[in-house]
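Notes follow the structure.
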Amino acid sequence: MFSFFDLFRIENGKFAEHWDVIEPIKTQGEWKNQNGKF
Numbered sequence: 000m001f002s003f004f005d006l007f008r009i010e011n012g013k014f015a016e017h018w019d020v021i022e023p024i025k026t027q028g029e030w031k032n033q034n035g036k037f
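Residue 22 in numbering that gives the first Met the number 0 is what sits at position 23 of the sequence shown, and the numbering runs on without skipping anything.
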């Protein structure tokens, strides 16, 4: 399972920059706390 993040910066009504991150979500047994990924 993966999480996907897309961030955009808009300037003058147009997309000026785009960043994305794809990060694996660890199994519940590997979590450092019980809050989960989000």
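Backbone N, C-alpha and C fix where the C-beta goes; we use that ideal spot for every residue, glycine too.
None of the values given here were measured: they were computed from a predicted structure.
Unbroken beta strand (DSSP E) run spanning residue i, endpoints
{"i": "Lys13", "result": "Lys13 to Pro23"}
{"i": "Glu10", "result": "Phe1 to Glu10"}
Where residue i falls: helix, strand or coil (DSSP)
{"i": "Gln33", "result": "coil"}
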